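Residues in the sequence shown are numbered consecutively from 15, following my numbering. Some notes on the structure that comes next.
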Amino acid sequence: MNSQEYIQQLREELRQHNHNYYVLDNASISDYDFDMKLKELQVLEAKHPEFYDESSPTLRVGGGITKKFETIKHRYRMYSLDNSYSKEDLLDWETRIQKILDSDDISYTCELKYDGASINITYTNGKLVRAVTRGDGFEGDDVTTNIKTIKSVPLQLQGDYPQDFDIRGEIMLPIAGFHKMNEVRVANGEDPYMNPRNTASGSLKLQDSAETASRPLECYLYNLKIKDKGNTDIETQFGSLQNARNYGFKVPDHAKEVTSILGILDYINHWETARHELPFEIDGVVIKVNDLFQQEELGYTAKAPRWAMAYKFKAEQVSTTLESISYQVGRTGAITPVANLSAILLAGTTVRRASLHNADQIEKLDIRINDAVYVEKGGEIIPKIIGVDTTKRDENSVITIYATHCPECDTKLVRTEGDAKHYCPNEFGCAPQVVGRIQHYISRKSLDIEGLGGETIALLYKEGLVSTYADLYDLKFEQIIPLERMAEKSAQNLIDGVSASKNAPFEKVLFGLGIRFVGATVAKKLAKHYKNVWALANATQEELEQVDEIGVRIAESVVAFFIDVKNLQALERLEVAGIQLVINEDDQQLSSTVLEGKSFLFTGKLTQFTRDDAKEMVEQNAGKTISGVSKKLDYLVVGEKAGSKLKKAEALGTVTILTETEFLELIGK
15 MNSQEYIQQL REELRQHNHN YYVLDNASIS DYDFDMKLKE LQVLEAKHPE
65 FYDESSPTLR VGGGITKKFE TIKHRYRMYS LDNSYSKEDL LDWETRIQKI
115 LDSDDISYTC ELKYDGASIN ITYTNGKLVR AVTRGDGFEG DDVTTNIKTI
165 KSVPLQLQGD YPQDFDIRGE IMLPIAGFHK MNEVRVANGE DPYMNPRNTA
215 SGSLKLQDSA ETASRPLECY LYNLKIKDKG NTDIETQFGS LQNARNYGFK
265 VPDHAKEVTS ILGILDYINH WETARHELPF EIDGVVIKVN DLFQQEELGY
315 TAKAPRWAMA YKFKAEQVST TLESISYQVG RTGAITPVAN LSAILLAGTT
365 VRRASLHNAD QIEKLDIRIN DAVYVEKGGE IIPKIIGVDT TKRDENSVIT
415 IYATHCPECD TKLVRTEGDA KHYCPNEFGC APQVVGRIQH YISRKSLDIE
465 GLGGETIALL YKEGLVSTYA DLYDLKFEQI IPLERMAEKS AQNLIDGVSA
515 SKNAPFEKVL FGLGIRFVGA TVAKKLAKHY KNVWALANAT QEELEQVDEI
565 GVRIAESVVA FFIDVKNLQA LERLEVAGIQ LVINEDDQQL SSTVLEGKSF
615 LFTGKLTQFT RDDAKEMVEQ NAGKTISGVS KKLDYLVVGE KAGSKLKKAE
665 ALGTVTILTE TEFLELIGK
């Protein structure tokens, strides 16, 4: 056996031992023997660099330094999940999907809802090539170097795996490992970490991968996204888990197939009690339609798959004392009352503050200073007050009077009819609003300006250097360098980051303007529809309401924004600075306009292209896809086993029905 063959043999042995220990929980070699083999391999690889292998077990020890995590667009969007909190919610969900599928023959896969950091990992030809955090669902951070250090993540797959696919799951920090980490920190005089989830998430963004490697992270994977589905025989979610296990992944051991809501409820009831026996934290259960064909039929809403539902366990509740109420001002001027509490431990986190939401909530609770209050974490994330123990109330307590003036600028607050919040109308003179708008403009989902953070914006405002996002483009190096905590390099990074933001696409800029009710998805729709900011600025409310998914509230807000002279002046300055206020036609280049004004829906099992491909082809030819059969539908494209949608379209008599081949011919393919 020559050196190359022996190195390869060592790698295979170590991969198998690693898989047995970290994935199967069944050690096949002692720790000492494993370490000796690993050291032997390290020596041989150093001696023979010509035999380098990016999936070698020696790469798990880390040591690479990542100064900047590149932003990567997800090949398949990472959606959120809709939440449910009761049996009634689940029954309503089942009724909805039965109606869409026109069938009550539906089975489900129940899985635990892990409380960790979501990850998407790409494999090509059996090798791990990229790992990206969830981010905003459309794009995330490339954390490949750090993910490769996690022992339960295979670098090289085994078995009969697809050649190109993504797999999704959760990076977890087991409770025992978390406590051991904190014991070390306390012994070293450092503050302990607050909870496993945040610690796991932070571990993925450590610049030193050796530090990530030193942490006892686990990875559970549960969602295969295969590029060429035609080359697999996977038909169910439960089956996909078994296949993933055969490829070498650590998949949920507690997943279960059920055939009814009763089966789902049994699963929920069991784990709501038994979850405390698990070695890691969970915050609920995820229920998925088991049949992958039915999943495709159900599709997605703008935010979540219709075929899945998260059931959140009842939030943990504790009692403490309300010490005072303060008020926060958001970037839109919304006032949020905040309860300042005697410190308590809740769901693994020390809580000193909780949201009171608005004046109506304070009145409903009749909450008063020094009251004994019940606090919970909604979804075990955001603390909120849910009740008051009036039996412990001081007889001299005083009814809480809601603030009448802004806590920051003393402007009288306003509350419009039908709005739950009070607002400070001093949009351009109230510091938190001014700073908040600029912070939103530079944020990751907006222009993502490198070298600038929230604290720096606050400092620039305090020093009188910025009062609107347009001021960023007038900043000079010599103005920045004297500021607190600014060195030459950080000052230059700021200037370079601001300059680079001029290349941000129009939809990002539009979102960054901070128009009330205009989120990232709405900004994308408006950018695509109006093409440039001035066309949008001149649109009437009636015209805006004709755009897909733009309602009265959004339309009113957009019109109000562009009526304001100060906003128009800021836009003019952005235009002069070279910001992209026009959509990039190269990005929007259509293949043709043959489908212009026409709507499409795809049903049945598609064999010539995926649903994502179908949607892209329709949009590239100026058409649009819709989610249901109605008089608004022009074409229904049917695959194999087409069901209720085909029957409904035939009954309407106004819908043109096409095969996949006929659809391709229609667009000239």
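A virtual CB, placed ideally from N, CA and C, is assigned to each residue, including glycine. All of these numbers come straight from a predicted model, not from anything done at the bench.
- Query: Alpha carbon to alpha carbon, how far is T158 from V669?
  - Reply: Approximately 47 Å, taken between the alpha carbons.
- From I301 to E311, what does the alpha carbon distance come to, in whole angstroms? In this structure, the CA atom of I301 is about 17 Å from the CA atom of E311.
- Item | Length of the line joining the Cα atoms of K241 and W107 | When the Cα atoms are used, K241 and W107 turn out to be separated by approximately 29 Å.
- State the DSSP-derived secondary structure class of R91, mapped to helix, strand or coil. Note: R91 maps to coil in three-state DSSP.
- Item | Whole-Å CB distance - Q453 paired with I471, under 8 Å assumed | That pair is a contact at about 5 Å.
- Roughly how many angstroms lie between the CA atoms of A353 and N372, to the nearest whole one? Distance between the alpha carbons of A353 and N372: 11 Å.
- Message: Once the 5 residues before and after G450 are set aside, which same chain residues still bring their CB inside 7 Å of it?
- Response: The residues are G344 and R345.
- Would you identify the three-state DSSP class for E394, choosing helix, strand or coil? Only weak support exists for where E394 lies, its pLDDT of 48 falling under 50; the coordinates are left without a value.
- Message: So, with DSSP's three-state summary, where would you put E664?
- Response: Under the three-state reduction of DSSP output, E664 falls in the helix class.
- Query: Start and end of the alpha helix (DSSP H) containing S504?
  - Reply: First-last of the alpha helix (DSSP H) with S504: E502 to A514.
- Complete beta strand (DSSP E) runs within the region 289-319 (minimum length 3 residues, chain order): With a minimum length of 3 residues, the continuous beta strand (DSSP E) runs that stay inside the region 289-319 are 296-303.
- Query: Mind pulling the beta strand (DSSP E) runs of 3 or more residues that sit fully within the region 131-215?
  - Reply: Whole beta strand (DSSP E) segments, 3+ residues: 131-138, 141-147, 153-155 and 178-186.
- Query: Assuming L666 and V643 make a contact with CB atoms under 8 Å, what is their CB distance in whole Å?
  - Reply: Contact flag correct, Cβ pair sits at about 7 Å.
- For D374, which of helix, strand or coil comes out of DSSP? The answer is helix: DSSP assigns D374 an H, G or I state.
- Query: Helix, strand or coil: how does DSSP classify T123 here?
  - Reply: If DSSP states are grouped into helix, strand and coil, T123 belongs with the strands.
- Is DSSP giving H5 helix, strand or coil here? This structure does not reach residue 5, given that the chain is present from 15 up to 683, and the question cannot be answered.
- Item | Exposure label - P63; buried when at least 16 CB within 10 Å | Looking at its Cβ environment, which holds fewer than 16 other Cβ atoms inside 10 Å, P63 is exposed.
- Message: If the criterion is Cβ atoms closer than 7 Å, does the pair L604 and Q634 meet it?
- Response: It is a contact, given that the beta carbons lie within the stated cut-off.
- Item | Secondary structure of S338, DSSP reduced to three states | Note: S338 maps to strand in three-state DSSP.
- Item | Nearest-angstrom Cα separation, counted from E469 out to Y325 | Near 37 Å, if we compare the C-alpha coordinates of E469 and Y325.
- Task: Just grab the DSSP bridge partners of M50 for me.
- Result: In DSSP, M50 forms no bridge with anything.
- Item | Limits of the alpha helix (DSSP H) - the one that I577 falls within | Following the DSSP letters along the chain, one finds I577 inside the alpha helix (DSSP H) bounded by residues V566 to I577.
- Task: Identify whether R367 lies in helix, strand or coil by the three-state DSSP scheme.
- Result: Strand at R367.
- Item | Separation of F179 from I86, as counted between CA atoms | Rounded to whole angstroms, the separation of the alpha carbons of F179 and I86 is 16 Å.
- Message: Alpha carbons only, please: which of N546, K545 and S340 is nearest the one belonging to I349?
- Response: Comparing Cα-Cα distances from I349 to each of N546, K545 and S340, the minimum goes to S340.
- Task: Run the CB neighbour count on N139, radius 10 Å, all protein chains shown included, and call it buried at 16 or more, exposed below.
- Result: In this structure N139 is exposed. Its beta-carbon is surrounded by fewer than 16 other beta-carbon atoms within 10 angstroms.
- Who are the Cβ neighbours of N260 in its own chain at under 7 Å, not counting the five residues just before and after it? For N260, same chain residues with a beta-carbon under 7 Å away, outside a window of 5 residues either side, are G173 in chain order.
- Query: From K612 to G151, what does the alpha carbon distance come to, in whole angstroms?
  - Reply: Take the alpha-carbon of K612 and the one of G151: they are about 29 Å apart.
- Check each candidate in T405, K127, R199 and R148 and name the one with the smallest Cα separation from E286. Selected option, being the one with the closest Cα: K127.
- E556 lies in the alpha helix (DSSP H); which residues open and close that run? Boundaries of the alpha helix (DSSP H) around E556: Q555 to L558.
- Take every Cβ of the region 115-124, pair it with every Cβ of the region 186-205, and state whether three or more of those distances are shorter than 8 Å. The region 115-124 vs the region 186-205: no contact.
- What residue does the beta strand (DSSP E) around P351 start on, and which one ends it? DSSP places P351 inside the beta strand (DSSP E), whose first and last residues are I349 to L360.
- Message: Tell me whether the region 265-277 and the region 161-169 touch, counting them as touching only if at least three CB pairs, one residue from each stretch, are closer than 8 Å.
- Response: The region 161-169 and the region 265-277 do not touch, with fewer than three beta-carbon pairs separated by less than 8 Å.
- Can you tell which of T554, A518, L235 and N384 has the C-alpha that lies nearest to the C-alpha of N410? Closest option to N410, Cα to Cα, is N384.
- What's the call for V579, buried or exposed, on a 16-neighbour Cβ count within 10 Å? Flag for V579 reads exposed.
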